[in-house]
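Here the structure is laid out as C-alpha cells; the discussion comes afterwards.
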Amino acid sequence: MQNYIYYLPIILSAIAGLISLLKQKGVAEFISAISSISVLVCSIIIFRGENFVNSSFYIDYISKVMIFVIAAIYTATVIYSISYVKYIDNPLFHTNHYFAWMNFFALSMFFSVETNNLGLLWVGIEATTVTSALLIAIEGKKESIEATWRYILIVSCGLIMSLLGTILIYGEVHSLDISVALNSHASGKIVILGILLSIVGYGTKAGIFPMHTWLPDVHGKAPSPVSAIFSGVLLPVALFGILRVSNICFSHEIRMFMFILGFLSVAVAALLMTVQKFYKRLFAYSSMENMGIALIGFALGGKALTGALIVIICHAFAKSAVFYLSGNILIRFKDATISGIKGLIKKMPFTGFCLFFAILAATGAPPFATFIGEILIFSKIISIYGWIIALILGVFISIAFISANYYTGRMIFSEKEKDVKERKSLVNYVPLINILMSFFIIFLINI
Amino acid sequence: MDFEKLFLLFTSFQILLVVFIQWQVYIKKNIITFAISSFILAIYLFFLGSAKGESSLIFIAILTIIVRTIFIPRFMIVKLTKEHWRVRESAPTMGTASGIICSILIVILCYIVYTFTLYNYLKVRAGALPLAMILQGLFLIISKRNTFVQLIGYMIMENGVLLFGASLFPNLPFIFEAGIILDLLGIVMISGIINKLRENYVPDTLEEIEELKG
C-alpha cells in the first residue's frame, strides 16, 4: 500500500473544510458528504492494510480502529446534519460554516490518531477544542453559549496538565516520537509523573471523573449531530491519548490510577443518571459511564483492552444513533425534558422503535457487542481484583442501565399527549444503520 | 552566565505580575499586564536561546512577541464590547485581599512541595516557580467570573508551561512549541467570539441555568 493513503483522511477533510467556507448554496453539504464518504473508504483500506510507522505516522491496530470509527461517525453525522441544520432557528452563523467546522473537527481527530509524535498528539487533541467550540454554540441560545465557554475553559485547563506531562515525559525519554517512547522502557519517577498528568489532562477531554463537568452541559445543549460526534468519537479520541501515553510505562501505579478514575467515572455517572430531567443530559452521563468502562479496560490490558475497544466501537455507533434520534424528538416536540416526551412509539413509531434498540445497544444489553466488550472487561477484573470489586462495579453499571432504559422507556411507551408526526426524510435511516452496525460490527472486524 | 539565577529572576518577576493581575479589577489593565508578562517571557527565551545556541528558542521568542504580546492582547481589547476602560470584574468569587493572599500562599506551598519532591530529580530549585505560575493561573480562573480574566488565567498557565519546558528542557522540538502557540491562538480567537456573545447574552451575575444543572 502506498503511504499517501494515510494522508488522505487529513487532506480530504481539510479540502472539504476549505471549500465549505464558500457561501454557494448546497456546496458545503455536497462536498462534506463526498469527503466523508471518501474518507470512510480510505479508512476501510487502511484498516485492511498492514501497520505502518515512519517519522510522521504511527499506525498500529488501535489507530486503524480509531480511524475507521472516526470516519464512520463523521460520515453519518455529515449526512444527518444536511437535514438537521434546516431546523436550527436563527443559527449564529451561516450553515456552510457549520460544515466547515465539522470537517476541520474531523481533520483534527484524524491527525491526533495518526501522528507519531506525543507533542503533536497533544496539539491535535487541543485543536479539537478549537474546531468544535463554535459547533456547540450554533443555536445561539444563552445555555449553549454558556456550555461552550465552560467547555473551552475546563477542557483547555485540563489539557495544560497533559502538556506539562508531555514535557516531563520528554525530559526522561529525550524524544517525542511515539515509536521511540514506546520502546524506551522508561520507568523513572519523572516519566510516571508525566504520564499521570497526561492521563488527568486527556481524561478531562474524555469526560472522566472528576473533570467531567463540561460533558453533560455540552452534550445537552449542542445540536444533536454535534452531540453525536462528540459522544461517539471525540471522547474515544481523548481516551486514545491516555492509551498512547500509558503504554510508555505501563506500571502498577499508572494502571491503578486509571482503574480508579474509570471506576469512579462509572459510579458517579450511574448515580447522576438516576436524577436526570433532560434526556440529552441523561445520554451524556451514559457516555461518561461508557468511557469509564473503556478506561478500566485500558487499565487492565490483555483481553480487557480488547473489550474496551469493542465498547468504544459499539458505543460510537449506538450512542451517535441515540443522539440523532434525540434530535428528531427535539425537532418535533420542541421539549428537552424527559417528562415532556410521551407516547413516542405511537406518534413517531420509527424514532421510538430505533431509540428503544439504540439505548439498549449503548447501555450494554445483549446481544449487542457492547455487552461482549463488558463481559471481557469483567472477566479480567474478576481475575485481577476478585468478585467483590467486580460486583460493586456491576451494581453501578446496572443502575446506569436501568436509569437509561427506564427514562427512555417512559418516553417511548407512555400515553401520548401532544400531536406530533414523524418527519419524512431519508436521513432518518442513518440512526437505524448505526444501530445495526453496533450489532454486526463485531462480525465485520477482526478484533 | 548563571542560568539558574537568570531563570529565578525572570520567573519571580512573572509571579509578581500574576499577583498584580489577581489584584487588578479593570480588565484592560489586566490585558496590558499580561502583554508585559509575555514580553518578558519572550526576552528570557531570546537570552536563553542565544546563550545555549538553540535557534528554536529564538523563533519561539519571536512567535511569543507576535502572538502573546501583540496580537492576543490587541484582539482581546477589540473584543471588549463596552467602553474598554470601564470594563471591570463585577462579581469575583473571592475578595481582592483574600485572592492575593491565596495566590502568594500557592507560590509558597508549591515551592515547599517541589523542594521535597521534583527537585530531587530535576535539580533546578527555581523550577518550582513556573509550576506555581500554572497554579496561580488556575486560581485566577476560579476566583474571577469575568471571562476575559479567566482567559488571561488560562494563558498564564500556558506561559508557565512554556517557561518550565524551555528552561528545563531547552531542546524541546520546535514543531511542538510552535503547535502550542498556534493552538493558543485558536483558543483565544474562539474564546473572543464566545466571550463577546456571552457578554451580550449571559450576564456575569448569572443565575444557575436550569438546563445546565445536575
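Protein chains in written order, with our numbering: chain A, 158 to 604; chain B, 68 to 281.
Ideal Cβ placement from N, Cα and C applies to all residues, glycine included.
If you're wondering where the values come from, they're calculated on a predicted model, not measured in any experiment.
Residues from the stretch 292-304 of chain A in contact with chain B, defined by Cβ distance under 7 Å: 294, 299, 300, 302, 303, 304
Residue of B:69, B:129, B:142, B:203 minimising C-alpha distance to residue 83 of chain B: B:203
Rounded C-alpha distance that separates residue 327 of chain A from residue 135 of chain B: Cα to Cα, residue 327 of chain A sits roughly 25 Å from residue 135 of chain B.
Sequence-distant residues of the same chain with beta carbon closer than 6 Å to residue 106 of chain B, five excluded per side: 136
Positions along the stretch 314-329 of chain A whose CB lies within less than 7 Å of some CB in chain B: For chain B, the residues of the stretch 314-329 of chain A that bring a beta carbon within less than 7 Å of one of its beta carbons are 314, 317, 320, 321, 324, 327, 328, in chain order.
The stretch 188-210 of chain B: positions lying closer than 9 Å to chain A by Cβ: Listed by position, the residues of the stretch 188-210 of chain B near chain A (Cβ gap below 9 Å) are 188, 189, 198, 201, 204, 205, 208.
contact_flag[the stretch 538-555 of chain A, the stretch 490-507 of chain A] where n(CB pairs < 8 Å) is 3 or more: no
Residue environment, residue 329 of chain A, which counts as buried when at least 16 other CB atoms sit within 10 Å: buried
Bridge partner(s) assigned by DSSP for residue 272 of chain A: A:214
Separation of residue 535 of chain A from residue 417 of chain A, as counted between CA atoms: 15 Å
Simplified DSSP state of residue 494 of chain A, which is helix, strand or coil: strand
Helix, strand or coil at residue 246 of chain A according to DSSP, with G and I counted as helix: coil
Beta-carbon gap between residue 262 of chain A and residue 220 of chain A smaller than 8 Å: Against a cut-off of 8 Å, the Cβ pair of residue 220 of chain A and residue 262 of chain A comes out as no contact.
Under 8 Å by beta carbon: chain A residues contacting residue 264 of chain B: 249, 294, 297, 302
C-alpha gap between residue 570 of chain A and residue 597 of chain A, whole angstroms: 27 Å
Pair within 8 Å by beta-carbon distance, residue 595 of chain A and residue 522 of chain A: no
The stretch 272-286 of chain A in contact with the stretch 183-194 of chain B per 3-pair CB rule at 8 Å: no
Continuous alpha helix (DSSP H) stretch holding residue 562 of chain A: start and end: 544-570
With 16 other Cβ atoms within 10 Å as the buried cut-off, status of residue 252 of chain A: buried
Residues, ordered as in the chain, of the stretch 172-184 of chain A that lie near chain B by beta-carbon distance below 9 Å: none
Selection of the stretch 257-289 of chain A by Cβ proximity to chain B, strictly under 7 Å: 276, 277, 280, 283, 284, 286, 287
Contact under 8 Å by Cβ, residue 474 of chain A with residue 376 of chain A: no
Under the three-state DSSP convention, the category residue 334 of chain A falls into: strand
Residues sharing a beta bridge with residue 474 of chain A, DSSP: In DSSP, residue 474 of chain A forms no bridge with anything.
DSSP bridge partner residues for residue 435 of chain A (one or two, in chain order): Beta-bridge pairing links residue 435 of chain A to A:494.
Euclidean distance between Cα positions of residue 379 of chain A and residue 242 of chain A: The alpha-carbon atoms of residue 379 of chain A and residue 242 of chain A are separated by roughly 12 Å.
Given residue 304 of chain A as reference, the closest of A:217, A:316, A:291, A:314 once Cα atoms are compared: A:291
Helix, strand or coil at residue 209 of chain A according to DSSP, with G and I counted as helix: strand
Contact check, residue 538 of chain A vs residue 421 of chain A, beta carbons under 8 Å: no
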